[in-house]
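A short write-up of the structure that comes next.
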Amino acid sequence: MPPVRPENGTPKGAPQTDHWQLTTGNWQLLPALLLNFLRRMSRLTHLECTRCGQHFPADRPQTVCPKDAGILYVRYDLAAIKKSFSPVSLLPLAPTMWRYDAVLPDARPVSLGEGFTPMLRSREYPNVFIKDEGLNPTGSFKARGLSAAVTMARHFNLKKLAIPSAGNAAGALAAYAAAAGLEAHIFMPKDVPAANRIECDYYGARVTLVDGLISDCAQKVAALKKEASWKKDGWFDVSTTKEPYRVEGKKTMGYEVAEQLGWRLPQGIIYPTGGGVGLLGMWKAFDEMEQLGWIGSERPHMIAAQAVGCAPIVKAWDDGKSTSEMWPNASTLAAGLRVPKPYGDYLILDILKKSGGAALAVSDAEILDAVRRWAQVEGIFAAPEGAASLAAYRKLRASNFFSADDTVVLFNTGSGLKYLDVLATTHASQAPAAKAQIEPSPVQFPKSATSHIGGIIGPY
Ligand SMILES: Cc1ncc(COP(=O)(O)O)c(C=O)c1O
Ligand SMILES: [Zn+2]
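In my numbering, the protein residues as written are 2 to 461.
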């Protein structure tokens, strides 16, 4: 049975870290606790370029490979970790992503309780599970990556963290930077969802609203990097996949999928794909778990769900290419999916291929229909990006890619509560009823300017 999220709380006498909490008073767990003391030694060995394989030291801030701009992955001595890190050793640990700290960087976590989100069995499809990432701090799965990235930024004594963002990553960076006492410098399109602007303001971030798309925001960060103060004042760019630790945070979703399904992987995982950090992270987690001896060589079919108005991975997949091309005039109400050329496209496409997966695009109307369906049938108010998973699942069932017997995990990557302005101004009748019989909303909302909300994340 999938677990539900227990209460947090640090019992007296528990080790003094943010995440290392005994969640039960049951001292029969003492052996597991002892195992944990043994495993709490740093096993991070180096960073490795995903293109050329070159190794880099992990004792300083790193960005991308200086030779070929490849994404750097964090590597650990898994053979050593294996001796003391086991599923049993996880039992007494708090339900946050930092329970997997043996395979995370060894630094004092900046944590707001992110991760270990519920794995809910669907009420509509008995073999489907919904991983509800909308319950993370700041209302999206971006919390995981930014918790890890800010943890390392504080560890390296960086001061000013810059991010170009479509919204949710900005909110997450702002929150974690506030918790760490660091400066967050946000560059967002001026028409991002209101929640993202307001939360960044309350978290005390320095927000620059840019008259343009997120690629323009990225250029602002790139310009900042050229200034002399960049190095001197401890600036750092935490853009998607431009630093190695956001993937590490996101990979905990892979560990959780396995743990919450009883250390068995599902037949399929559907992931709403913008920059694809979660796909990269989960695939990395599966490889690590195999090396740890926790799972075998089986892998889920990894599915990238994109929006019809911005589907560079789908196009590359359909064309049999190993990298994507810049998607022109990207436009979808699912702002997080407006990524015209993901920096990690070569890794995403490789994962889809190796897993026997697929990439498919769903329309905004299908996304809205899925938001309502999940809300009305599952009681889950999803972000449009998250609901794209359901829209994609429906298509994959219709085409018999998945059968009713296949266990499939759909990622709801965020909360609909962060999109009230987008969703309130979008009438349900814009969505076809599809298979679901959904009552149209009795309220007539004005036609929205949703296509202007958010922005695109350019290749920067
Ligand atoms: C709610 C939500 N879902 C999905 C995505 C896409 O995530 P990724 O860039 O990891 O593919 C985003 C990105 O902003 C998002 O905010
Ligand atoms: Zn390289």
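No residue lacks a Cβ here, since even glycine has one placed at the ideal position from N, Cα and C.
If you're wondering where the values come from, they're calculated on a predicted model, not measured in any experiment.
Three or more beta-carbon pairs drawn from the region 136-148 and the region 109-120 are found closer than 8 Å, and the two stretches are therefore classed as touching. The closest heavy atom of ligand 1 lies less than 8 Å from the beta carbon of T241. Residue burial annotation: G417 is buried, with at least 16 other C-beta atoms found within 10 angstroms of its C-beta. Residue side-chain check: Y74 keeps its Cβ at 8 Å or more from all non-hydrogen atoms of ligand 1.
Judged by beta-carbon spacing, I296 lies beyond the 9 Å limit of M303, meaning their Cβ atoms are not closer than that value. Closest by C-alpha distance to S166, out of D238, A180, V378, R61, is D238.
A residue is called buried when at least 16 other Cβ atoms come within 10 angstroms of its Cβ; T324 does not meet this threshold and is exposed. For C53, the number of other beta carbons within 10 angstroms of its own is below 16, and it is reported as exposed.
Around the beta carbon of P329, a 10 Å sphere encloses fewer than 16 other beta carbons of the protein chains shown; the residue is thus reported as exposed. Fully contained in the region 75-140 are the following beta strand (DSSP E) runs of length 3 or more, in chain order: 120-122, 129-133. Taken atom to atom, the span from the alpha-carbon of A179 to that of L121 is near 31 Å. Counting only residues of its own chain and dropping the five nearest sequence neighbours on each side, G275 has a CB closer than 6 Å to the CB of G337, L338, V340. Assignment of N401 by DSSP, reduced to helix, strand and coil, places it in the coil class.
Contact between L353 and A305 holds, since their C-beta atoms are separated by about 6 Å, short of 8 Å.
Around ligand 2, the residues selected by a Cβ distance under 6 Å to any of its heavy atoms are C50, R52, C53, Q55, C66, K68, D69, G71, following chain order. Contact check for T152 against A108 passes: the beta carbons are separated by less than 9 Å. In this structure, the C-beta of T274 approaches ligand 1 to less than 8 Å from one of its heavy atoms. The C-beta separation of A170 from L162 comes to about 11 Å, leaving the pair out of contact by the 8 Å criterion. For I271, the enclosing beta strand (DSSP E) stretches over residues 269-273. In chain order, P313, K316, A317, K342 place their CB closer than 8 Å to the CB of E326, counting only its own chain and leaving out the 5 sequence neighbours on each side. Taking 9 Å as the cut-off, the beta carbon of L73 is found closer than this to the beta carbon of T51. Using a 10 angstroms sphere on the CB of A206, the tally of other CB atoms reaches 16 or more, which defines it as buried. If you look at N197, you'll find it in the alpha helix (DSSP H) that goes 195-203.
In terms of Cβ geometry, F287 and L262 do not form a close pair [threshold 9 Å]. According to the DSSP assignment, C311 belongs to no beta strand (DSSP E), since it is labelled neither H nor E. In this structure, K160 has its CB at a distance of at least 8 Å from all heavy atoms of ligand 1.
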